[in-house]
Amino acid sequence: MERRSFIKTLAMATTVVSLPEMLSAQGKGKLPSFGLITGNTGGDWIKNHSKEALEEIARLGFKDPEFGGYFGMDVTGLKKILKQTGLRALIGPTSMHAMGNTEQLRKDIADCQELGKKFIVCYWPWTDDGRNKTLDDWKNVADQLNKGGEVCKKEGLRLLYHNHDIEFRPVQGEIPFDTLLPNLDPKLVNIELDLYWIVKGGQSAVDYIRKYPGRYPVFHVKDMDKTDNMGFACVGDGRIDFPEIFRHNKIAGAKHFIVEHDHPENPEMCIRTAANYLSNLKF
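With the numbering used here applied, the sequence shown covers 995 to 1277.
Written out as structure tokens, the structure reads:
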């Protein structure tokens, strides 16, 4: 009888301990690291003070820069700064034009390989403004990206596609992203999911992560201001629910988190704000 009482008491004690742990488990997550897309987010600060800005970015805790070009330096000089600061060149740019032009794509690939980048990303699916496209046009985009992705894979790079809001606004009664992504070969092309633009497009990042799990190795961590205009905000100052999204990182397959702001008034301050927010964020 005493033994049964002891076991019952022990079980109750275990429940008391484990329940709070379970309830607080979602608040224990932290980003493994985070990066920065330098071109727009860094603005004139990085452009005019490249070496000092890169050193400060590293000091603030950023690890994975996404960029094209060499910040006005030669390759050797940039490699030296990256090594000194611990920054890891992660992602470089390409274009939809390059998907149909193997010579251009190989040039873009070579630029990435020179700095040891892991990903190459296509930021816009068209060679025009993208108006009045049909679902068949989106299927053709997927076909072209798959062809480009095959070339990239052979060269040791992973091709990503970066969304805007256009992918999430209905065409012929359907969401174009639901035509695009299922037609992308996951072995060749995956998504750099911009968390601002999917919200601007009227959709939920969490819903699409659940709908297409494992397809989002990189997030663009971009915030939205609290006005009716839904403009850009420094990460941590806006309305995007990053903790809720980041709780789904494993489902998404997300490994890299790249801060972005398209038009910061004060790039240095905005970058500092984002670093402070993400360094202290728990989810």
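Heads up, the beta-carbon is just placed ideally off N, CA and C, and yes, glycines get one too.
Computed from a prediction, not measured in an experiment: that's the story for all the values here.
Is the Cβ-Cβ distance between Lys1111 and Ile1085 less than 8 Å?
As a working mapping, residue 1111 is identified with position 117 in the sequence shown. As a working mapping, residue 1085 is identified with position 91 in the sequence shown. A Cβ-Cβ contact shorter than 8 Å links Lys1111 with Ile1085.
Reducing DSSP to helix, strand and coil, say where Arg1082 ends up.
Counting from one through the sequence shown, the residue named residue 1082 turns up at place 88. In this structure, Arg1082 counts as coil in the three-state DSSP scheme.
Limits of the alpha helix (DSSP H) - the one that Tyr1202 falls within
Translated into the one-based positions of the sequence shown, residue 1202 becomes position 208. 1199-1205 is the extent of the alpha helix (DSSP H) around Tyr1202.
Cβ-Cβ distance between Ile1203 and Tyr1155 below 8 Å:
By one-based count along the sequence shown, residue 1203 stands at place 209. By one-based count along the sequence shown, residue 1155 stands at place 161. Not a contact, by the Cβ cut-off of 8 Å.
Length of the line joining the Cα atoms of Asp1102 and Glu1108:
In the sequence shown, the residue the question calls residue 1102 occupies position 108. In the sequence shown, the residue the question calls residue 1108 occupies position 114. Their backbone Cα atoms lie some 10 Å apart in a straight line.
What do you reckon, are the CB atoms on Ile1245 and Leu1189 nearer than 8 Å?
Walking along the sequence shown from the start, residue 1245 turns up at place 251. Walking along the sequence shown from the start, residue 1189 turns up at place 195. Result no, Cβ atoms of Ile1245 and Leu1189 do not sit closer than 8 Å.
Under 8 Å by Cβ, that's how I've got Leu1139 and Cys1116 pegged, so tell me the actual separation to the nearest angstrom.
Along the sequence shown, read from residue 1 onward, the residue named residue 1139 stands at position 145. Along the sequence shown, read from residue 1 onward, the residue named residue 1116 stands at position 122. Approximately 7 Å separates the beta-carbon atoms of Leu1139 and Cys1116; this is inside 8 Å, confirming the contact.
Can you find at least 3 beta carbon pairs, one from the stretch 1160-1170 and one from the stretch 1193-1208, that sit closer than 8 Å?
Counting C-beta pairs closer than 8 Å gives three or more between the stretch 1160-1170 and the stretch 1193-1208, which meets the contact rule.
Completely contained beta strand (DSSP E) runs for the stretch 1063-1123, where each covers 3 or more residues:
Taken in chain order, the unbroken stretches of beta strand (DSSP E) that lie wholly in the stretch 1063-1123 and span 3 residues or more are 1085-1088, 1113-1116.
Cα-Cα separation between Ile1031 and Lys1127, rounded to whole angstroms:
To locate residue 1031, count along the sequence shown from 1; it is residue 37. To locate residue 1127, count along the sequence shown from 1; it is residue 133. Annotation: Ile1031 to Lys1127 spans about 29 Å, alpha carbon to alpha carbon.
How about the stretch 1129-1148 and the stretch 1164-1182: do they share at least three Cβ pairs that are nearer than 8 Å?
With a cut-off of 8 Å, the stretch 1164-1182 and the stretch 1129-1148 count as touching, because enough Cβ pairs lie within range.
Whole-angstrom distance between Phe1065 and Gly1080, CA atom to CA atom:
On the sequence shown, position 86 is the one that residue 1080 refers to. On the sequence shown, position 71 is the one that residue 1065 refers to. Going from the Cα of Gly1080 to the Cα of Phe1065 covers about 17 Å.
Can you give me the Cβ contacts of Thr1096 inside the same chain, cut-off strictly under 8 Å, excluding the 5 residues immediately before and after it?
Counted from its first residue, the sequence shown places residue 1096 at position 102. Closer than 8 Å at Cβ, skipping near neighbours: Val1145.
Anyone know if the C-beta pair for Asn1042 and Asp1256 falls short of 8 Å?
Here the question's residue 1042 lines up with position 48 in the sequence shown. Here the question's residue 1256 lines up with position 262 in the sequence shown. The criterion of a C-beta distance shorter than 8 Å is not satisfied by Asn1042 and Asp1256.
Are the beta-carbon atoms of Val1222 and Gly1232 separated by less than 8 Å?
Taking the first residue of the sequence shown as position 1, residue 1222 is located at position 228. Taking the first residue of the sequence shown as position 1, residue 1232 is located at position 238. Looking at the sequence shown, residue 1222 is not Val but Asp. With a cutoff of 8 Å on beta-carbon distance, Asp1222 and Gly1232 are scored as not near each other.
In chain order, what residues of the same chain have a beta carbon less than 7 Å from the beta carbon of Ile1234, not counting five sequence neighbours either side?
Mapped onto the sequence shown, residue 1234 falls at position 240. The residues are Leu1189, Tyr1190, Val1193, Asp1217, Met1218.
For Tyr1253, which residues does DSSP report across the bridge?
In the sequence shown, the residue the question calls residue 1253 occupies position 259. The identity of residue 1253 in the sequence shown is Val, whereas the question assumes Tyr. In the DSSP output, where bridge partners are listed per residue, Val1253 has Leu1030, Val1215.
Is Trp1120 buried or exposed, if buried means 16 or more other CB atoms sit within 10 Å of its CB?
On the sequence shown, residue 1120 is found 126 positions in, with the first residue counted as 1. Around the beta carbon of Trp1120, fewer than 16 other beta carbons lie within 10 angstroms, which makes this residue exposed.
Could you give the residue range of the alpha helix (DSSP H) that holds Lys1127?
Residue numbering aside, residue 1127 sits at position 133 when the sequence shown is read from its first letter. From DSSP, Lys1127 is part of no alpha helix (DSSP H); its letter is neither H nor E.
Given Arg1152, which residues of its chain have a CB within under 6 Å of its CB, disregarding the five upstream and five downstream residues?
By 1-based counting over the sequence shown, the position of residue 1152 is 158. Closer than 6 Å at the Cβ level, and outside the excluded window around Arg1152, lie Phe1113.
Would you say Leu1054 and Ile1265 are within 8 Å of each other, going by their C-beta atoms?
As a working note, residue 1054 is residue 60 in the sequence shown. As a working note, residue 1265 is residue 271 in the sequence shown. Between Leu1054 and Ile1265, the C-beta spacing is below 8 Å.
Would you say Leu1174 and Val1135 are within 8 Å of each other, going by their C-beta atoms?
Taking the sequence shown and counting its residues from 1, one reaches residue 1174 at position 180. Taking the sequence shown and counting its residues from 1, one reaches residue 1135 at position 141. Yes. Within cutoff.
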